[in-house]
């Protein structure tokens, strides 16, 4: 049986079996086979979909490396959550896992980019022949591989849905009694499993009080099981007289149960004490300049501090987005407990952070050949950089 007939037969038999178990595609390309798996082909908008790509080298006469990622699109958000590898040199195997959140209803194509890098044993030996100060680059022949898109049929959410997933709401007001124009701080927290619950207007616009707010503090950790979120909203209310904060109902939808629910902030009453006129202005027609009351400056600066804190929080949030929303302390703690180079490589690649590219290359050199740096040296350097 020739190679073409053998490949075709294997494709049909494996393909039939896999389709009975999960949505997947199995195909062959030159030198390797690959298969896509989806845990859900018809998700709701903002419902997590786990996509897995397996690449298995079939031509063992070559040394192969692979680079894979999804194409960016306004139609979906994605994050790499795991990468596994087995074998080396002539028996490359890689498994990539991505968490994908569709952002619009209808048919959505997931597009991919895959690069195959081909080299040989002689080239690998040559690249490792330089001394520590004269490292020679690995010579590869790179080619972009076309992968057909995978299509999702995305279902619409119930009308008025603001959060998608399984969430709980907590709130706390510092006080319900204040002086006129005094800021009343309060915290609102939405915590749970699902798409990060960022709500643009957490409180509805009201004309009977002044609202001060910061950018929300976001803590999101993604894995193959989905995304765990804690979103904290810090705000303050102010008014010159007693006022009512109307009830706020946030509509949620849980795709797993296919049921809607409400997160409720009950109605709140605030009693405002009027400030005596004598503390605001002088009773005389011509007061001395140094006797003017500047107590209002305290409230002014408290509002100013709220705005500055919001600005700094926004800057912090942007930095967290660039680092894949994985907190530095969590990465550091995990790396400290890693005992071998393959596990460290998986953790760095899963962060999808370009700042680790050099260390990823050093680890691959160590795994696939004779690296000049030891695992301990590479690990220590990463911890110092963090």
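In the working numbering, the protein residues as written are 492 to 877.
Glycine included, C-beta positions come from ideal geometry on N, C-alpha and C.
Secondary structure of residue i, DSSP reduced to three states
i, result
"residue 745", "strand"
"residue 871", "helix"
"residue 582", "coil"
"residue 716", "coil"
"residue 527", "strand"
"residue 550", "coil"
"residue 612", "helix"
"residue 858", "helix"
"residue 576", "strand"
"residue 849", "helix"
"residue 690", "coil"
"residue 536", "coil"
"residue 838", "helix"
"residue 706", "coil"
"residue 832", "helix"
"residue 876", "helix"
"residue 825", "helix"
"residue 733", "coil"
"residue 541", "strand"
"residue 759", "strand"
"residue 647", "coil"
"residue 695", "coil"
"residue 672", "coil"
"residue 658", "strand"
"residue 766", "coil"
"residue 754", "strand"
"residue 773", "Unreliable placement is indicated for residue 773, whose pLDDT of 47 sits below 50; the coordinate value is still reported in the next sentence. Correct three-state label for residue 773: coil."
Inter-residue Cα distance where the pair is residue i and residue j
i, j, result
"residue 594", "residue 760", "38 Å"
"residue 646", "residue 845", "34 Å"
"residue 854", "residue 747", "40 Å"
"residue 822", "residue 688", "24 Å"
"residue 711", "residue 614", "42 Å"
"residue 597", "residue 641", "14 Å"
"residue 603", "residue 762", "58 Å"
"residue 708", "residue 724", "7 Å"
"residue 612", "residue 563", "35 Å"
"residue 566", "residue 537", "10 Å"
"residue 750", "residue 832", "45 Å"
"residue 661", "residue 632", "56 Å"
"residue 839", "residue 552", "29 Å"
"residue 508", "residue 638", "Annotation note: pLDDT 38 at residue 508 (below 50); position unreliable, no value reported."
"residue 836", "residue 829", "10 Å"
"residue 573", "residue 534", "21 Å"
"residue 866", "residue 722", "37 Å"
"residue 677", "residue 877", "34 Å"
"residue 706", "residue 557", "39 Å"
"residue 690", "residue 752", "16 Å"
"residue 734", "residue 741", "22 Å"
"residue 693", "residue 765", "29 Å"
"residue 834", "residue 635", "27 Å"
"residue 571", "residue 650", "30 Å"
"residue 521", "residue 576", "20 Å"
"residue 852", "residue 630", "14 Å"
"residue 738", "residue 871", "53 Å"
For residue i: DSSP bridge partner residues
i, result
"residue 865", "Residue 865 is not bridged to any residue."
"residue 633", "608"
"residue 570", "590"
"residue 891", "What the structure shows of the chain is the stretch from 492 to 877, and residue 891 is not part of that stretch, so it cannot be assessed."
"residue 560", "604"
"residue 652", "Looking at the DSSP assignment, residue 652 forms no beta bridge with any residue, so it has no partner."
"residue 595", "DSSP lists no partner for residue 595."
"residue 555", "609"
Distance between beta carbons of residue j and residue i, contact taken as under 8 Å
i, j, result
"residue 599", "residue 643", "5 Å"
"residue 683", "residue 655", "With 8 Å as the limit, residue 683 and residue 655 do not qualify as a contact, their Cβ atoms being about 10 Å apart."
"residue 523", "residue 555", "7 Å"
"residue 826", "residue 850", "With 8 Å as the limit, residue 826 and residue 850 do not qualify as a contact, their Cβ atoms being about 10 Å apart."
"residue 743", "residue 610", "Actually they do not touch by this definition, with Cβ atoms about 51 Å apart."
"residue 569", "residue 605", "Going by Cβ atoms, the distance from residue 569 to residue 605 rounds to 15 Å, so no, they are not a contact pair."
"residue 679", "residue 756", "7 Å"
"residue 864", "residue 874", "Going by Cβ atoms, the distance from residue 864 to residue 874 rounds to 14 Å, so no, they are not a contact pair."
"residue 754", "residue 658", "6 Å"
"residue 561", "residue 601", "6 Å"
"residue 700", "residue 726", "With 8 Å as the limit, residue 700 and residue 726 do not qualify as a contact, their Cβ atoms being about 11 Å apart."
Check: residue i C-beta below 7 Å from any heavy atom of the ligand PLP
i, result
"residue 647", "For the ligand PLP, the structure offers nothing, since it holds no ligand at all."
Does the region 701-718 come into contact with the region 581-590, if we say contact requires no fewer than three beta-carbon pairs (one atom in each stretch) closer than 8 Å?
Here the region 701-718 lies against the region 581-590, with 3 or more beta-carbon pairs under 8 Å apart.
Are three or more beta carbon pairs between the region 717-731 and the region 665-673 nearer than 8 Å?
Proximity of the region 717-731 to the region 665-673 meets the contact definition, three or more beta-carbon pairs being nearer than 8 Å.
Is there contact here, the region 525-536 with the region 564-584, by at least three beta-carbon pairs under 8 Å?
The region 525-536 is not in contact with the region 564-584.
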